[in-house]
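Letter by letter, the sequence shown follows residues 1 to 706 in UniProt numbering. Below: one structure, written as structure tokens.
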Amino acid sequence: MAYGQNRSRLDVMRAGKLFDNFEYAAAAKIYERLVERDSSFNYAKLQLAESYRKMNMPEEALPFYAEVVSDSSVAKPIHTLYYAQALMSAERYDRALTALSDFYASQGDVRATNLTNGITNFEGFYSDSSYYKINLSKFNSEADDYSPTYFRDGLVFSSNRKKFRLVKRTHGWDNKNFHELYFTNPGVDSVETTKLFNKKLNTRYHEGPMVFYDDDEKAFFTRNNYNGKRVGTASDETINLQLYMTQRSGVNSEWDKPMSFKYNSKEFSTGHPTISEDEKTLYFASNRPGGNGGVDIYKSTFEDGDWGEPVNLGSEINTPGDEMFPHVHKGVLYFSSNGHYGMGGLDVYQYDFNDTAAVVKNMGYPINSPKDDFGLILSSNDTTGYFTSNRPGGAGNDDIYQIEVNLPKRPKQVFLKGIVVDQRSGRPLEDTEVFLSTSEGDSISFITNADGGFEYELAWDQKYNLTALKPDWSVGRDSASTFDDMLDKEFITIPLRELLVVKGDLVTPGGRPVDDALVTFTETTTGEVDSVRTNENGLLYFIAQPGAEYDVFLQKPGYFNFRTKVATGNDPGGVIKFDLEMDEIIIGKAIRIENIYFDLNKSDIRPDAAIELDKIVAMMTDNPTVKIELGSHTDSRGGDPYNLALSDRRARSSAAYIVSKGIAQDRITGKGYGETQLTNQCEDGIRCQPEEHQANRRTEFKVISF
Numbered sequence: 001m002a003y004g005q006n007r008s009r010l011d012v013m014r015a016g017k018l019f020d021n022f023e024y025a026a027a028a029k030i031y032e033r034l035v036e037r038d039s040s041f042n043y044a045k046l047q048l049a050e051s052y053r054k055m056n057m058p059e060e061a062l063p064f065y066a067e068v069v070s071d072s073s074v075a076k077p078i079h080t081l082y083y084a085q086a087l088m089s090a091e092r093y094d095r096a097l098t099a100l101s102d103f104y105a106s107q108g109d110v111r112a113t114n115l116t117n118g119i120t121n122f123e124g125f126y127s128d129s130s131y132y133k134i135n136l137s138k139f140n141s142e143a144d145d146y147s148p149t150y151f152r153d154g155l156v157f158s159s160n161r162k163k164f165r166l167v168k169r170t171h172g173w174d175n176k177n178f179h180e181l182y183f184t185n186p187g188v189d190s191v192e193t194t195k196l197f198n199k200k201l202n203t204r205y206h207e208g209p210m211v212f213y214d215d216d217e218k219a220f221f222t223r224n225n226y227n228g229k230r231v232g233t234a235s236d237e238t239i240n241l242q243l244y245m246t247q248r249s250g251v252n253s254e255w256d257k258p259m260s261f262k263y264n265s266k267e268f269s270t271g272h273p274t275i276s277e278d279e280k281t282l283y284f285a286s287n288r289p290g291g292n293g294g295v296d297i298y299k300s301t302f303e304d305g306d307w308g309e310p311v312n313l314g315s316e317i318n319t320p321g322d323e324m325f326p327h328v329h330k331g332v333l334y335f336s337s338n339g340h341y342g343m344g345g346l347d348v349y350q351y352d353f354n355d356t357a358a359v360v361k362n363m364g365y366p367i368n369s370p371k372d373d374f375g376l377i378l379s380s381n382d383t384t385g386y387f388t389s390n391r392p393g394g395a396g397n398d399d400i401y402q403i404e405v406n407l408p409k410r411p412k413q414v415f416l417k418g419i420v421v422d423q424r425s426g427r428p429l430e431d432t433e434v435f436l437s438t439s440e441g442d443s444i445s446f447i448t449n450a451d452g453g454f455e456y457e458l459a460w461d462q463k464y465n466l467t468a469l470k471p472d473w474s475v476g477r478d479s480a481s482t483f484d485d486m487l488d489k490e491f492i493t494i495p496l497r498e499l500l501v502v503k504g505d506l507v508t509p510g511g512r513p514v515d516d517a518l519v520t521f522t523e524t525t526t527g528e529v530d531s532v533r534t535n536e537n538g539l540l541y542f543i544a545q546p547g548a549e550y551d552v553f554l555q556k557p558g559y560f561n562f563r564t565k566v567a568t569g570n571d572p573g574g575v576i577k578f579d580l581e582m583d584e585i586i587i588g589k590a591i592r593i594e595n596i597y598f599d600l601n602k603s604d605i606r607p608d609a610a611i612e613l614d615k616i617v618a619m620m621t622d623n624p625t626v627k628i629e630l631g632s633h634t635d636s637r638g639g640d641p642y643n644l645a646l647s648d649r650r651a652r653s654s655a656a657y658i659v660s661k662g663i664a665q666d667r668i669t670g671k672g673y674g675e676t677q678l679t680n681q682c683e684d685g686i687r688c689q690p691e692e693h694q695a696n697r698r699t700e701f702k703v704i705s706f
């Protein structure tokens with residue numbers, strides 16, 4: 001028994017060392033023996049499942065994940081995701097949904113949401129299946145053949161197919177041959193015409209995805225970190241992938257010795273290059289630090305004769321999973337991912353850089369399958385292409401498939417139809433102006449008909465923004481695009497909500513509009529504050545809430561600021577008329593204060609007079625820079641000296657009252673004028689009616705500075 005225990009302990013150590021050295025094939029054999037000896041050894045089962053996953057053998061990993069993911073002493077939450085992905089690869093979607101739910105509950109990871117959406121909307125992957133026809137290419141071998149790229153009249157791709165060597169070299173990762181670059185002529189399309197691409201570019205280690213540019217005279221390609229003499233290893237002993245550049249030169253146009261891309265590092269992988277049509281932007285995949293997850297897609301721009309610092313394409317494209325094998329064709333990025341919603345394994349996606357409202361779109365069946373699908377390229381005329389898949393029915397493991405593209409023919413004309421309606425009732429809204437603008441800034445407008453409808457011919461390959469405007473209604477917005485030979489929305493309904501509007505004219509007492517006045521509305525219950533300004537015609541326009549009361553404060557330099565109130569009632573929409581007058585401040589102009597009365601021969605402030613004087617207090621509070629003179633006047637009856645003294649006492653008493661309410665004493669003076677400034681002809685000795693004498697008994701104020 002002790003001998004058996006020691007043996008198992010030694011095997012665990014040996015397998016662990018092989019696993020840590022990325023020799024998963026050899027490690028798996030030892031873990032298999034350990035599980036055979038002890039079926040309850042969950043650690044060995046987990047490591048065996050992980051070894052199979054690393055070798056891209058999800059169905060072999062599946063039964064071992066199933067037995068250990070619930071054992072928290074050995075398994076981590078991420079292993080539940082790997083289990084779900086293996087279930088999807090095996091098309092066991094019900095159990096995959098359960099595993100994804102468990103993973104999301106513990107981690108809240110967007111990958112769980114995306115993969116769940118893929119499963120629950122699986123039929124959608126088949127909606128465009130008639131657009132593409134795929135055929136297995138004849139030049140595939142029984143090994144791995146993948147990631148073709150166009151080169152002159154043929155294709156260059158990577159393969160680990162068998163070839164004659166005096167010394168056979170295999171990769172410890174999966175115990176398969178190293179990958180090398182091959183060339184084939186798809187016109188001949190047979191394995192016999194396939195040959196090694198170039199001896200200078202192929203080495204003892206992996207060569208992978210490649211892209212040509214500058215009329216096929218230059219290239220980027222993927223290779224293990226190997227300079228022809230020695231390999232470069234990371235601090236964890238990994239031999240990472242690197243990007244290399246080369247070009248043809250010399251009399252025989254031979255490929256030069258490859259140069260390492262300046263942003264490579266031995267500590268992480270950089271590979272899978274593609275380049276934009278203008279050859280100014282390089283896209284590639286990398287697991288460098290600072291990304292969104294495992295492997296992300298980056299871009300580098302060629303400026304001033306050199307490639308710029310890599311920029312991550314962001315979370316719209318990159319997920320916490322892996323995004324790789326990018327290909328840019330006519331402004332559209334094609335890439336593979338296991339983090340977006342998909343059918344299982346790696347799926348091929350597209351993202352249109354031309355469309356400002358673009359979203360990542362799954363290419364669907366038959367390009368995608370529950371297995372790994374990646375490395376898509378398209379021909380210049382959009383009629384054919386290639387991609388790689390390890391789906392059943394191929395010649396080997398990874399196989400290259402040819403695509404025949406049968407997209408629906410583009411109609412000569414495309415019309416956008418729609419309607420503008422009342423959001424509450426659904427009633428069509430006629431005479432609504434609809435603006436149609438493009439991303440280039442071009443814009444036109446049209447008016448809805450009696451049925452609220454509109455129709456307009458669009459141009460192809462454009463993104464359109466629609467804005468619907470109707471006075472006293474909310475702004476309605478929508479969009480439409482004509483990319484991919486189709487209008488993305490057959491019919492658009494734009495709902496508008498009738499606003500509750502406080503609207504009126506702000507004018508002077510003489511009827512002149514007061515423009516650019518600041519009008520502040522404070523909701524008395526919530527304290528919420530909003531402000532508007534009057535337009536050049538003095539129009540005040542405020543969108544209010546139903547069932548509210550507002551304190552309203554109006555301000556404009558050179559005018560008397562003042563306050564008022566408005567209540568909206570309970571109607572959800574409509575117009576509340578709110579016409580107001582605003583006095584201009586004119587220095588020295590007398591402004592009469594109504595209804596200030598004093599008892600006979602007295603200057604005490606009566607309660608009814610205090611009400612009117614409080615209005616002066618409010619005015620001065622709202623206009624803190626204004627200084628005034630308060631003047632008191634009598635009629636002509638009585639002696640002149642007496643009237644002058646009485647009016648002066650009354651003026652000073654009124655001013656003192658205002659000061660007592662918090663107005664600074666230096667802002668107000670009181671002065672009595674007696675009968676010296678009559679407003680009519682009722683002087684001494686002139687017979688007048690009582691109301692004419694009343695007109696002369698008055699209190700006025702005038703601004704002396706502001």
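No residue lacks a Cβ here, since even glycine has one placed at the ideal position from N, Cα and C.
Contact between TYR401 and ASN114 does not hold, since the beta-carbon distance rounds to 25 Å and is not under 8 Å. Straight through space, the alpha carbons of VAL617 and SER660 are spaced by roughly 10 Å. If you look at LYS417, you'll find it in the beta strand (DSSP E) that goes 414-422. Rounded to whole angstroms, the separation of the alpha carbons of GLY364 and PRO428 is 38 Å. Around the beta carbon of ALA459, fewer than 16 other beta carbons sit within 10 angstroms, so the residue counts as exposed.
Where PRO258 is concerned, there is no enclosing beta strand (DSSP E), because DSSP gives it neither an H nor an E. Assignment of beta-bridge partners to TYR657 by DSSP yields no partner. Rounded to the nearest whole angstrom, the CA to CA distance from GLU207 to HIS272 is 11 Å. CA-to-CA, the gap between ARG687 and SER636 works out to about 11 Å. When PRO320, LYS412, LEU81, ASP352 are compared, the shortest CA-CA separation from ALA105 is found for LEU81. Counted as a single uninterrupted DSSP element, the beta strand (DSSP E) harbouring THR388 occupies residues 384-389. Put simply, of ASP399, LYS463, GLY504 the residue whose alpha carbon is nearest the alpha carbon of LEU487 is LYS463.
By the neighbour-count criterion, in which 16 or more other beta carbons inside 10 Å mark a residue as buried, SER300 falls on the buried side.
Secondary-structure assignment with DSSP links MET619 through no beta bridge to anything. CA-to-CA, the gap between PRO148 and SER425 works out to about 57 Å. Bridge partners of ARG563 according to DSSP: PHE553. Taking C-beta atoms as the reference points, VAL348 and SER336 count as a pair closer than 8 Å. In the three-state reduction of the DSSP assignment, ILE119 falls in the helix class.
In this structure MET619 is buried. Its beta-carbon is surrounded by 16 or more other beta-carbon atoms within 10 angstroms. In the three-state DSSP reduction, GLN402 falls in the strand class (E or B). Within the same chain, no Cβ atom closer than 6 Å to the Cβ of LYS199 is found once the five residues on either side in sequence are excluded. In this structure GLU180 touches SER159 by the C-beta definition: roughly 7 Å separates them, less than 8 Å. Residue pairing of GLY674 in beta bridges, as defined by DSSP: HIS633.
In the DSSP assignment, ASN696 falls outside any beta strand (DSSP E) and lies within the alpha helix (DSSP H) extending over 690-696. At the C-beta level, TRP473 and LEU496 come within 8 Å of one another. For PRO63, the enclosing alpha helix (DSSP H) has its first and last residue at 58-68.
Here DSSP, grouped into helix, strand and coil, assigns LYS29 to helix. Along the stretch 477-506, the beta strand (DSSP E) occurs as fully enclosed runs of 3 or more residues at 491-496, listed in sequence order.
Under the three-state reduction of DSSP output, PHE125 falls in the helix class. Taking the Cβ atoms as the reference, ALA86 lies roughly 5 Å from ALA61, within the contact range of under 8 Å.
A direct Cα-Cα distance of roughly 6 Å separates ASN312 from ILE297. Taking each of ASN680, TYR213, SER705, ASP684 in turn and checking the Cα distance to GLN694, the smallest one comes out for ASN680. Taken in chain order, the stretch 246-323 contains no complete alpha helix (DSSP H) segment of 4 residues or longer. THR194 and PHE284 have their alpha carbons spaced roughly 27 Å apart.
Taken atom to atom, the span from the alpha-carbon of ASN381 to that of VAL295 is near 31 Å. Less than 8 Å separates the beta-carbon of VAL420 from that of THR448.
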